[in-house]
Amino acid sequence: MPGHSPGVQGLSVASPWVDQEKNTQQRIGQRVIFLKNRVFYRTSGVILRFYSLCLDCKLYFGDKSADMENILELTDVVKNYQTTKAVDHVSFSMPKGSIFGMLGPNGAGKTSLIRIITRITRADSGRILINGIPLNDDHPEEIGYMPEERGLYKKMKVGDHLIYLARLKGLSEKAAKDAIHQWMDKFEISDWWNKKVEELSKGMQQKVQFIATVVHRPNLIILDEPFSGLDPINANLIKDEIDHLRQQGTSIIFSTHRMEQVEEICERIVLINRGQNVLEGNVREIKQAQKQNLFRYNLAGEVPAGVLEGKEVIDHTPGSLTLRFSEERDSNIFLKTLVDAGAYVQGFEEILPSLNEIFIRTVQSQGMTIDQPINAPS
Amino acid sequence: MNKLWLIIQREYLSRVQKKSFILTTLLTPLAFLVFFVFVGFIMGYESDEAKKIAIVDEANMLRKAIKDDGNIFFTFPDKPLDSLKAEAARGEINGVLVIPPLSDIQAKEHKLFYYSDEQLSLDVESAIESTIGTRIREYKIAEMNLDPKVVESLRTSIEIDPEPIADDAEDISSMRTAIGAGLGFLMGIIMYMGVFIYGMMIMRSVMEEKTNRIVEVMISSVKPFQLMMGKIIGVGAVGMTQFLVWIILIPLVSILVNLVFGFDPQQMQSPGMGAAAQMDPDDMQGKIMMAMQELGSIDWWVIVPLFLLFFIGGYFLYSSLFAAVGSAIGDDIGESQSLTLPISIPVLIAFYIMMVSVRTPHSTLAVWASIFPLFSPIVMPARLAFDVPWWQITLSLVLLMATVVFFVWLSGRIYRVGILMYGKKVTLKELGKWMFYKN
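Taken in order, these protein sequences are the chains called A and B.
Quick note on numbering: my numbering labels position 260 of the first sequence as 260, and the sequence is numbered without any gaps.
For my numbering, add 378 to where a residue sits in the second sequence, where the first one is 1.
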């Protein structure tokens, strides 16, 4: 580890601590925090570089290899409605077996995109590949789609309804039955088989809805605003199942305007605004690239006088101090200053921007507005 | 194709298995019979007020003998008019009918006077008029020394028997015309009801799917066109099932009702057929035999398949339009009115043309209306029993089928846009625009 981080810097920061009349335990604690940060950012920097190298390779060798590892690939997809550009030259790719977030405000064009992928509508132009094969009529059977506005036939029995939906996805009656029984057992709702949908509560219907989405073992699951209207218990249940499915190799798209909901689930995201792809990539990398060098120091007691001079204080509450630095390494220098000045630092962390902030910043930097276009079919 | 079949199955079974469907299907024939019996009873209801009427027959034309007519009891008391009037005033009798002597044996009109405080009902009045009229006729025949048989023979009942010009052509009787008209009317009514009842059923079902929000789940698995066609065919099959059940049940129930209650609901249906009632029983039997014969001689093997073809054509044509309208409107049933009106109008016009065509099956109106595809499903079946030239049937069918294909395609285009469109007030113009939307 020490060999990884530039040793000289590490030592120069560490040495003053020896002189401090402080508890050794504490010193070690702070040092660990500090080292963790450094190592983490160093490694992620390496990953970032490696990734961009891969991208270069991809460009260089053509994207054939990418087709193979991407479940979904969109190139220059355009969809115009009568008065609005719903999808405006969107391109992105989604690696197989990943959880992918499609984020953007209401009316940004997410649902339009999904409807193109699920073949509910057709794109005006552009190329869509699923597993490297241009989108065709067989693909809907490989896709499980849970729309934002979901419903069921109220008068149908739960079992019959699920069989019907599964068979429409190409399952045989027996296979459908078996799979549905499995899922219903898993959700502990087997005794609902003969109940009519209208007898179920909203939360129960959501479970049925979810089973209908995944029962045919789709390779790609698309969930449009999956947590809207879901109670927390079901939301967690579904999150768990999604995770489970991903481990089995299923690729999952989350489409939502509530970015904080998917921040921790999604590995990759695409940000959509006004039909355009404004940002795409790995969540961690995006956060790294977009970070503002914000650091929070948790202190016991007062901030020593004078240390804040010439510093950009973002937030200052008792016990916590948040600063923005022009250079990342300045945070460490300030930490030293703090410690030198006799402050008792209990915690030190970098604050990474939320996806929400990144979205707003990106959109603004591109000179766009976020307001919802009128008449956009959502 | 497999998916279409699944949708048809669901649409069919989900309706046929409903309790309400089973009940309506079984009870409708019964309800119809009860209705007809009831209507027959109402229409056949005669005055039930008992009337005691004293007759003062000044010329003794009735010879003191007259049959009591239902609830009207006639007496010929030998009392002066004034005392009878007093009795009437006291309420012992209802009224006094004075028959003055005929001014002339050949008088064509004769005025009687009825003294009473109460108004004669229309029924009673006409009953009295007809009874007294018959009696005075008999009196006149006797006075003139005429032979009643000779007088009776003056009345001639006329019947026109249509004969073909070519010798080898099939001879048809006038009965055929009546039966053809009845059959045509029946088929026209079935078409009209079928189009409306099942068209509306489809419209409601599409609306329900849309407001239920199941539709987006569905069309991520199947094409909107498949969903629409599945629904149309499924509901059509429901209609056919219902129709078949009724065809079997209605005669069965009417026979049962006849056996249990001892009256023939068919006769009750048409109390206006006074002529039949007055007919001589032998003659009646002859007529029935002839009717049976005529029914047997109708080319059922031509008419029934043709009827079915027109039915299917008309059903697809209109129900696809209803589906398109259903897709355009959300949960607001009131909104549907302005959009269903343009569909209902041709159906209504066709219905009226059908009623005329039954009477004049070869008029220009009937011929062209039975070829025009929007009217032909209702008008042509009404003419089928009247030996419609084959070129007309063929032309009509070809046009109808072409129109069906066009309208189903058109509706499919509206439907596919409509089912995903929420919260938009839809006008006819808007629907027109949808046809040209890209996918």
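Each residue gets a CB set at the ideal place from its N, CA and C atoms; glycine is no exception.
Can you tell me the Cβ-Cβ gap for A:Ile-116 and A:Ala-108, rounded? I've got them flagged as a contact below 8 Å. Numbered from 1 along the first sequence, position 116 holds the residue referred to as residue 116 of chain A. Numbered from 1 along the first sequence, position 108 holds the residue referred to as residue 108 of chain A. No, A:Ile-116 and A:Ala-108 are not in contact; Cβ-Cβ is about 14 Å, not under 8 Å.
Could you compute how far the alpha carbon of A:Ala-175 sits from the alpha carbon of B:Arg-761? Along the first sequence, one-based indexing puts residue 175 of chain A at 175. Along the second sequence, one-based indexing puts residue 761 of chain B at 383. In a straight line, the C-alpha of A:Ala-175 is about 53 Å away from that of B:Arg-761.
Could you check how far apart the C-beta atoms of B:Phe-491 and B:Val-476 are, in whole angstroms? I think they sit under 8 Å. Within the second sequence, the letter at position 113 stands for residue 491 of chain B. Within the second sequence, the letter at position 98 stands for residue 476 of chain B. The Cβ separation is near 4 Å, so the contact holds.
Residue closest to A:Glu-312, alpha-carbon to alpha-carbon, out of A:Val-270, A:Arg-324, A:Asp-185, A:Thr-213: Counting from one through the first sequence, the residue named residue 312 of chain A turns up at place 312. Comparing Cα-Cα distances from A:Glu-312 to each of A:Val-270, A:Arg-324, A:Asp-185, A:Thr-213, the minimum goes to A:Arg-324.
Test: A:Pro-377 CB closer than 8 Å to a CB of chain B: What you label residue 377 of chain A is simply residue 377 of the first sequence in a count that begins at 1. With a pLDDT of 39 at A:Pro-377, under the threshold of 50, the modelled position of that residue is not reliable, and no figure is offered here.
Mapping the DSSP letters down to three states, classify B:Ser-392 as helix, strand or coil. Position 14 of the second sequence, counted from the start, is the residue given in the question as residue 392 of chain B. It is helical.
Using 10 angstroms around the beta-carbon of A:Val-262, count the other beta-carbons present and answer buried if the total reaches 16, otherwise exposed. Stepping through the first sequence from its first residue, residue 262 of chain A is reached at position 262. A:Val-262 should be labelled buried.
Contact list for A:Lys-110 against chain B, beta-carbon separation under 8 Å: Working through the first sequence from its first residue, we reach residue 110 of chain A at position 110. Those do not exist, as A:Lys-110 stays about 14 Å from chain B at its closest Cβ, beyond 8 Å.
Counting only the same chain and skipping the five closest in sequence on each side, list residues whose C-beta sits under 7 Å from that of B:Arg-468. Residue mapping note: residue 468 of chain B aligns to position 90 of the second sequence, counting from 1. Cβ neighbours of B:Arg-468 beyond the five flanking positions: none.
Where the region 148-160 of chain A meets chain B: residues whose CB sits under 9 Å from a CB there: Glu-148, Glu-149, Arg-150, Gly-151, Leu-152, Tyr-153, Lys-154, Lys-155, Met-156, Asp-160
Run through chain B and tell me which residues come within less than 7 Å of A:Pro-140, C-beta to C-beta. Position 140 of the first sequence, counting from 1, holds the residue named residue 140 of chain A. Those are Ser-598, Ser-599, listed as they occur along chain B.
Taking only three categories from DSSP, how would you classify A:Gln-292? Residue mapping note: residue 292 of chain A aligns to position 292 of the first sequence, counting from 1. In this structure, A:Gln-292 counts as coil in the three-state DSSP scheme.
Closer than 8 Å, Cβ to Cβ, to anything on chain A: give me those residues from the region 390-409 of chain B, in chain order. Ser-392, Lys-396
Closer than 8 Å to chain B by CB, A:Lys-174: Position 174 of the first sequence, counting from 1, holds the residue named residue 174 of chain A. No, its Cβ sits nowhere closer than 8 Å to a Cβ of chain B.
With a threshold of 8 Å between beta-carbons, can B:Ile-792 be considered close to chain A, or not? In the second sequence, the residue the question calls residue 792 of chain B occupies position 414. Cβ-Cβ to chain A under 8 Å: no for B:Ile-792.
Quick check on A:Arg-324 - is its C-beta less than 8 Å from some C-beta in chain B? Taking the first residue of the first sequence as 1, we reach residue 324 of chain A at position 324. Not an interface residue.
For the alpha helix (DSSP H) that A:Asp-340 lies in, which residues bound it at each end? As a first step, residue 340 of chain A is located in the first sequence; it is residue number 340 there, counting from the start. Note, A:Asp-340: alpha helix (DSSP H), 330-340.
Between the Cα of A:Ile-133 and those of A:Arg-119, A:Tyr-153, A:Ile-71, spot the shortest distance and give me the residue it belongs to. Stepping through the first sequence from its first residue, residue 133 of chain A is reached at position 133. Considering only A:Arg-119, A:Tyr-153, A:Ile-71, the residue with the shortest C-alpha distance to A:Ile-133 is A:Ile-71.
Starting from A:Leu-223, trace the beta strand (DSSP E) in both directions and tell me its first and last residue. For this step, residue 223 of chain A is matched to residue 223 along the first sequence. A:Leu-223: member of the beta strand (DSSP E) spanning 220-224, first to last residue.
Assign A:Asn-234 to one of two classes, buried (16 or more other C-beta atoms within 10 Å of its C-beta) or exposed (fewer than that). Your numbering for residue 234 of chain A matches position 234 in the first sequence. By the 10 Å Cβ count, A:Asn-234 comes out buried.
Of the residues A:Arg-150, A:Arg-296, A:Arg-119, which one's Cα is nearest the Cα of A:Leu-135? Sequence index remark: in the first sequence, residue 135 of chain A carries index 135 (1-based). The option with the nearest alpha carbon to A:Leu-135 is A:Arg-119.
Apart from the five residues on each side of it in sequence, which residues of its chain come closer than 6 Å, Cβ to Cβ, to B:Lys-397? Within the second sequence, residue 397 of chain B is the residue found at index 19, counting from 1. Excluding residues within five positions, none has a Cβ falling inside 6 Å.
For chain A, find out if any of its Cβ atoms is closer than 8 Å to the Cβ of B:Leu-809; answer yes or no. Against the second sequence, residue 809 of chain B aligns to sequence position 431. No, because no Cβ of chain A sits closer than 8 Å to the Cβ of B:Leu-809.
Alpha carbon to alpha carbon, how far is B:Phe-689 from B:Leu-375? Give it in angstroms, no decimals. Since the first and last residues shown for chain B are 379 and 817, residue 375 of chain B lies out of range.
Proximity test, Cβ basis, 8 Å: B:Val-584 and chain A: Within the second sequence, the letter at position 206 stands for residue 584 of chain B. Answer no: the Cβ-Cβ gap between B:Val-584 and chain A never drops below 8 Å.
Can the beta-carbon of B:Ala-763 be found less than 8 Å from the beta-carbon of B:Leu-627? Within the second sequence, numbered from 1, the residue matching residue 763 of chain B stands at position 385. Within the second sequence, numbered from 1, the residue matching residue 627 of chain B stands at position 249. Judged by their CB atoms, B:Ala-763 and B:Leu-627 are not nearer to each other than the 8 Å cut-off.
Quick check: the region 208-227 of chain A against the region 248-261 of chain A, are there 3 or more CB pairs under 8 Å? yes
Buried or exposed for B:Pro-739, going by 16 or more other Cβ atoms inside 10 Å? For this step, residue 739 of chain B is matched to residue 361 along the second sequence. When all chains shown are included, B:Pro-739 counts as buried.
Using a Cβ-Cβ cutoff of less than 6 Å, which residues in the same chain neighbour B:Pro-478 once the five nearest sequence positions on both sides are dropped? By one-based count along the second sequence, residue 478 of chain B stands at place 100. Here the set comprises Glu-436.
Starting from A:Val-77, trace the beta strand (DSSP E) in both directions and tell me its first and last residue. On the first sequence, position 77 is the one that residue 77 of chain A refers to. First-last of the beta strand (DSSP E) with A:Val-77: 70-80.
Check the DSSP bridge columns for A:Met-146 and list the partner residues they point to. Within the first sequence, residue 146 of chain A is the residue found at index 146, counting from 1. DSSP lists A:Leu-223 as partners of A:Met-146.
CB-CB length for A:Asn-277 against A:Ser-91, believed under 8 Å: Reading the first sequence from its first residue, position 277 is the one you call residue 277 of chain A. Reading the first sequence from its first residue, position 91 is the one you call residue 91 of chain A. 6 Å between Cβ atoms; contact.
Limits of the unbroken alpha helix (DSSP H) element including A:Leu-103: Working through the first sequence from its first residue, we reach residue 103 of chain A at position 103. Looking at the DSSP string, A:Leu-103 is not in any alpha helix (DSSP H); the run it does join, the beta strand (DSSP E), is 99-103.
For A:Met-184 and B:Gly-418, the rounded distance between their alpha carbons: On the second sequence, position 40 is the one that residue 418 of chain B refers to. On the first sequence, position 184 is the one that residue 184 of chain A refers to. When rounded, the distance between both Cα atoms is 59 Å.
If I follow the unbroken beta strand (DSSP E) through A:Gln-276, where does it start and stop? Locating residue 276 of chain A in the first sequence gives position 276, where the first residue counts as 1. First-last of the beta strand (DSSP E) with A:Gln-276: 276-282.
Counting only runs of 4+ residues fully inside the region 509-567 of chain B, write out the alpha helix (DSSP H) ranges in chain order. Complete alpha helix (DSSP H) runs here, min 4: 526-531.
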